[in-house]
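Shown next, in structure tokens, is the structure this report addresses.
Numbering (UniProt numbering), first residue to last: 1 to 806.
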């Protein structure tokens with residue numbers, strides 16, 4: 001099992017995996033590392049990722065992109081309305097006030113939520129990772145912008161649940177970038193030393209995030225994080241607006257009135273923007289057949305772009321200055337400034353970084369893949385399936401959090417988490433109540449980029465007064481969990497009970513008398529030994545406590561469990577439908593491919609034309625033409641079985657022709673191999689007759705056997721050749737290639753079994769030894785050779801009698 005990290009971006013997604021060799025970014029089925037955040041519906045199937053992006057212009061009403069900015073929001077949200085005004089697809093309000101995206105799927109009008117669309121994209125990323133790694137993918141870490149609120153984070157978790165992913169943690173993109181930077185740094189200061197403070201500037205497609213992080217060896221701590229809803233696409237919109245005005249004046253056409261033309265314009269100005277980042281010269285913009293079959297032309301230079309985007313640059317500057325103030329870092333305390341994200345390549349943004357932080361922008365990290373790599377590292381640290389060096393990450397809560405509750409007299413409110421409070425973190429609150437309590441949790445007003453600061457309402461049940469009717473102590477835990485979600489995680493009532501417990505009486509003497517005490521009476525009034533005495537028993541009060549877990553009913557953002565289950569089942573059905581549709585389309589394409597392939601081969605001068613009668617070829621061509629016409633008319637949307645049956649019917653007629661052609665085309669090589677084997681056999685026989693020492697260990701009988709076999713094979717060879725001479729190629733051959741190879745194999749086996757038999761080893765002569773056992777010299781004065789090996793273990797006596805000794 002592998003663990004992955006997903007960088008879910010507004011424009012594109014990256015998936016990274018932790019392997020033994022380090023972190024690797026996975027390529028998709030187009031061999032690209034970036035998978036566009038795009039989902040499309042085309043007819044009966046879904047199109048995801050790169051394929052969806054490629055057909056956006058031609059199928060814009062059913063192609064959804066930029067849905068990351070819609071997660072967890074309501075339809076009437078001003079931010080949502082601004083997004084939908086630029087979107088080419090149709091959106092509507094759902095009964096619960098959420099966003100519904102209307103598309104045509106399987107020839108029906110369907111409405112999907114942004115969470116369902118996100119789940120479809122996650123399904124694609126999951127499948128790509130599984131194909132690349134050849135293993136099942138379950139555990140993952142997904143990155144989110146640091147400014148995402150509870151509603152958006154919960155929506156992303158719901159989307160992952162719909163797709164079947166197990167999210168170990170939602171990690172802020174700023175934290176993932178910092179982890180990707182610090183994990184491999186070997187020169188970080190020790191814990192007792194001064195921290196290394198690094199600024200990270202992440203300017204992506206739709207947002208800007210600037211963060212400050214303090215590093216020590218083996219850990220990082222986020223200090224502050226500021227963000228603004230400005231990114232690379234805002235520069236594209238500014239350029240598109242400029243050229244729209246120019247074309248309206250110059251060519252009397254307005255691209256803003258035509259969605260398809262405006263999409264093409266956005267694509268072209270994005271290319272122009274990237275070119276201007278590398279060139280300061282004037283660059284052209286040319287689009288052919290833009291609108292009303294009019295070709296348009298324009299030019300732009302970098303200073304012009306910076307001038308028209310001055311407002312965007314001022315917002316970026318303000319965000320950087322706010323971070324410098326919030327982090328309370330002096331310029332000399334900053335070690336470096338690292339930039340990531342595609343938008344950070346704009347030269348004017350790099351210039352702002354140098355002016356504000358006094359440091360040149362550093363590109364140590366991969367600007368596109370740093371976030372996904374950090375997510376994969378975090379997933380590897382959290383997963384028990386992977387062993388990795390520990391690295392502690394201390395994150396922060398971006399917005400201040402307040403809670404409020406009401407009692408019989410007034411409304412109470414308190415701040416539980418300040419801005420940039422450490423996360424995850426739990427805070428225990430104590431209240432005294434006689435009755436159930438409702439706690440409302442919300443962000444500080446005007447502190448979040450969200451019209452409604454509501455986080456959740458949590459009703460704590462089963463609170464009751466004690467036996468005396470007094471309020472009881474209730475401990476409430478408010479928590480920021482590992483996903484950055486604020487909630488009331490638990491509530492406990494501390495029930496106190498008082499009970500009287502008798503005091504243990506004093507010990508008696510050995511004779512049974514009560515020992516005297518310092519205050520016991522003396523003299524005549526003292527009782528005599530052995531007489532009964534009235535003793536007043538003392539009692540003391542004992543307080544016992546009992547913790548009772550209370551039931552919490554929470555009302556917060558996200559789907560309820562039944563809705564999640566239904567959406568998950570619907571996603572599984574769509575995945576199964578995608579698989580069936582792919583198999584159906586593959587069967588249709590196989591039939592269509594077979595029609596074109598066979599028609600070209602059986603026509604005149606084709607590969608199969610010599611092996612089929614002209615009348616038969618005409619009949620088959622007529623059937624192929626009928627099949628082609630059927631494919632583009634009635635057979636456009638048939639089931640897979642129909643295509644397979646049609647293909648099987650055509651194969652029954654064409655396969656014999658192909659088999660006949662293969663036989664005739666394979667005859668020559670098979671006969672050549674058989675003839676070579678016959679010649680080799682005759683040559684070996686001649687060498688034996690010529691007393692070649694290589695074959696002097698063979699017998700005359702063996703040579704006669706292989707000679708007869710060769711003569712028999714040669715005779716068969718000649719007869720088979722003669723049979724084929726009089727046969728037309730349009731008829732089945734009387735001699736098959738398999739028959740020729742069988743004859744060749746029979747002769748080869750016979751020949752090899754005789755000719756390849758090794759010669760027997762010559763016997764080793766016994767060595768002459770002297771009386772003292774030393775070897776004697778031969779006539780030439782050389783020493784006799786010793787035997788190679790002596791048998792040391794003697795055979796048992798009872799076995800020697802039964803052995804045949806030669």
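Note that the Cβ used here is the ideal one computed from N, Cα and C, for glycine as well.
Based on Cα-Cα distance, which residue from 634, 129, 711 lies nearest to residue 680? For the purposes of this step, residue 680 is identified with residue 680 of the chain shown, where counting begins at 1. The option with the nearest alpha carbon to residue 680 is 711.
Excluding the 5 residues flanking residue 839 on each side, which residues of the same chain have their C-beta closer than 8 Å to its C-beta? This structure cannot settle anything about residue 839, because the visible part of the chain is limited to 1 through 806.
Where the beta strand (DSSP E) containing residue 69 begins and where it ends: Looking up residue 69 in the chain shown gives position 69. Taken as a continuous stretch (DSSP letters only), residue 69 belongs to no beta strand (DSSP E), as it is neither H nor E.
Nonlocal neighbours in the same chain, by C-beta distance under 7 Å from residue 760, ignoring five residues either side: Counting from 1 along the chain shown, the entry for residue 760 is found at position 760. Answer for residue 760: 697, listed in chain order.
How is residue 516 classed by DSSP in three states: helix, strand or coil? For the purposes of this step, residue 516 is taken as residue 516 along the chain shown, with counting starting at 1. Note that residue 516 has pLDDT 49, beneath the 50 cutoff, so the model's placement of it is unreliable and the number below is only indicative. Here residue 516 sits in coil by DSSP.
Would you mind giving the Cβ-Cβ distance between residue 155 and residue 71, rounded to the nearest angstrom? I have them listed as a contact below 8 Å. The sequence position of residue 155 within the chain shown is 155, counting from 1. The sequence position of residue 71 within the chain shown is 71, counting from 1. Right, the Cβ-Cβ distance comes to about 4 Å (below 8 Å), so this counts as a contact.
Measure the alpha-carbon distance for residue 426 versus residue 478 and round it to whole angstroms. For the purposes of this step, residue 426 is taken as residue 426 along the chain shown, with counting starting at 1. For the purposes of this step, residue 478 is taken as residue 478 along the chain shown, with counting starting at 1. Cα to Cα, residue 426 sits roughly 6 Å from residue 478.
Measuring straight from C-alpha to C-alpha, what distance separates residue 151 and residue 65? Sequence index remark: in the chain shown, residue 151 carries index 151 (1-based). Sequence index remark: in the chain shown, residue 65 carries index 65 (1-based). Cα to Cα, the separation comes out at about 20 Å.
So if DSSP puts residue 121 in a beta bridge, which residue, or which two residues, is it bridged to? The count along the chain shown starts at 1 and reaches residue 121 at position 121. The partner list for residue 121 (beta bridge, DSSP) is empty, contrary to what the question assumes.
Using a Cβ-Cβ cutoff of less than 6 Å, which residues in the same chain neighbour residue 863 once the five nearest sequence positions on both sides are dropped? Residue 863 is absent from the model: the chain starts at 1 and stops at 806.
Residue 143 and residue 8 - do their beta-carbons sit closer together than 8 Å? As a first step, residue 8 must be located in the chain shown, where it is residue number 8. As a first step, residue 143 must be located in the chain shown, where it is residue number 143. Yes. Within cutoff.
Residue 604 versus residue 740: straight-line alpha-carbon distance, rounded: Taking the chain shown and counting its residues from 1, one reaches residue 604 at position 604. Taking the chain shown and counting its residues from 1, one reaches residue 740 at position 740. Near 31 Å, if we compare the C-alpha coordinates of residue 740 and residue 604.
In the DSSP output, which residue or residues are listed as bridge partners for residue 457? The count along the chain shown starts at 1 and reaches residue 457 at position 457. In DSSP, residue 457 forms a bridge with 440, 555.
Run through DSSP, which three-state label would residue 667 get? What you label residue 667 is simply residue 667 of the chain shown in a count that begins at 1. Three-state result, residue 667: helix.
Which residue comes first and which comes last in the beta strand (DSSP E) that contains residue 309? Along the chain shown, read from residue 1 onward, the residue named residue 309 stands at position 309. That residue, residue 309, is in no beta strand (DSSP E); it is neither H nor E in DSSP.
Proximity of residue 111 and residue 372 at Cβ, strictly below 8 Å: Sequence index remark: in the chain shown, residue 111 carries index 111 (1-based). Sequence index remark: in the chain shown, residue 372 carries index 372 (1-based). Not in contact: residue 111 and residue 372 (Cβ atoms no closer than 8 Å).
How close, in whole Å, do the beta carbons of residue 390 and residue 381 come, if the pair is a contact with beta carbons under 8 Å? For this step, residue 390 is matched to residue 390 along the chain shown. For this step, residue 381 is matched to residue 381 along the chain shown. About 7 Å; that satisfies the 8 Å criterion.
Should the segment 24 to 42 be regarded as contacting the segment 75 to 88, the criterion being three or more beta carbon pairs within less than 8 Å? no
Flag residue 418 as yes when its Cβ comes closer than 7 Å to any non-hydrogen atom of the ligand FAD, and as no otherwise. The ligand FAD is not among the ligands present in this structure, which contains no ligands whatsoever.
Going along the chain, which residues of its own chain have a beta-carbon closer than 6 Å to the beta-carbon of residue 370, five neighbours each way excluded? Reading the chain shown from its first residue, position 370 is the one you call residue 370. Hits under 6 Å: 177, 180, 340.
Is it true that the CB of residue 456 sits closer than 8 Å to the CB of residue 437? On the chain shown, position 437 is the one that residue 437 refers to. On the chain shown, position 456 is the one that residue 456 refers to. Their beta carbons are not under 8 Å apart, which means residue 437 does not touch residue 456 by this criterion.
Take residue 362 as the anchor and find which of 368, 350, 355 has the nearest alpha-carbon. For the purposes of this step, residue 362 is taken as residue 362 along the chain shown, with counting starting at 1. For residue 362, the nearest C-alpha among the options comes from 350.
Mind reading off the beta-carbon distance from residue 677 to residue 748? Whole number of angstroms is fine, and I expect it under 8 Å. Translated into the one-based positions of the chain shown, residue 677 becomes position 677. Translated into the one-based positions of the chain shown, residue 748 becomes position 748. With 8 Å as the limit, residue 677 and residue 748 qualify as a contact, their Cβ atoms being about 5 Å apart.
Do residue 331 and residue 298 have their C-beta atoms within less than 8 Å of each other? The residue labelled residue 331 in the question sits at position 331 within the chain shown. The residue labelled residue 298 in the question sits at position 298 within the chain shown. No. Outside cutoff.
Who are the near neighbours of residue 608 in its chain, counting only those whose CB is closer than 6 Å to its CB and skipping five residues on each side? As a position in the chain shown, residue 608 is number 608, starting the count at 1. Counting only Cβ-Cβ distances below 6 Å, and skipping sequence neighbours, we find 601, 602, 657, 661.
Residue ranges of each beta strand (DSSP E) run of no fewer than 3 residues wholly in the segment 388 to 446, ordered along the chain? 392 to 397, 401 to 406, 411 to 417, 421 to 423, 425 to 433, 437 to 443
Nonlocal neighbours in the same chain, by C-beta distance under 6 Å from residue 56, ignoring five residues either side: Numbered from 1 along the chain shown, position 56 holds the residue referred to as residue 56. Correct list, in chain order: 63.
Looking at residue 717 and residue 755, is the spacing between their C-beta atoms short of 8 Å? Along the chain shown, one-based indexing puts residue 755 at 755. Along the chain shown, one-based indexing puts residue 717 at 717. It is not a contact, given that the beta carbons lie outside the stated cut-off.
For residue 264, report the span of its alpha helix (DSSP H) as first-last. Within the chain shown, residue 264 is the residue found at index 264, counting from 1. 259 to 278 is the extent of the alpha helix (DSSP H) around residue 264.
Close-in-space but distant-in-sequence residues of the same chain around residue 523 (CB under 8 Å, 5 per side omitted): The sequence position of residue 523 within the chain shown is 523, counting from 1. Confidence at residue 523 is low in this model, with a pLDDT of 41, below 50, so its placement is unreliable and the value that follows should be read with caution. Excluding residues within five positions, none has a Cβ falling inside 8 Å.
Top-ranked residue by Cα proximity to residue 138, from 163, 148, 132, 121: Stepping through the chain shown from its first residue, residue 138 is reached at position 138. Nearest of 163, 148, 132, 121 to residue 138, Cα basis: 163.
What residues in its chain sit with their C-beta under 7 Å from that of residue 125, if we drop five residues either side in the sequence? Translated into the one-based positions of the chain shown, residue 125 becomes position 125. The answer, listed in chain order, is 6, 13, 15, 35.
In whole angstroms, what separates the C-alpha of residue 527 from that of residue 432? What you label residue 527 is simply residue 527 of the chain shown in a count that begins at 1. What you label residue 432 is simply residue 432 of the chain shown in a count that begins at 1. Note that residue 527 scores 43 on pLDDT, short of 50, meaning its location in the model is unreliable; the coordinates nonetheless yield the value given after this. Distance between the alpha carbons of residue 527 and residue 432: 54 Å.
Going by DSSP in three states, residue 136 sits in which element: helix, strand or coil? Locating residue 136 in the chain shown gives position 136, counting from the first residue. The answer is coil: DSSP assigns residue 136 none of H, G, I, E or B.
Measure how close the beta-carbons of residue 210 and residue 323 come, nearest whole angstrom, since I'm counting them as under 8 Å. Within the chain shown, the letter at position 210 stands for residue 210. Within the chain shown, the letter at position 323 stands for residue 323. Right, their Cβ atoms sit about 4 Å apart.
With a threshold of 6 Å on Cβ separation, who are the neighbours of residue 286 within its own chain once the five nearest residues in sequence on each side are excluded? Sequence index remark: in the chain shown, residue 286 carries index 286 (1-based). Closer than 6 Å at Cβ, skipping near neighbours: 297.
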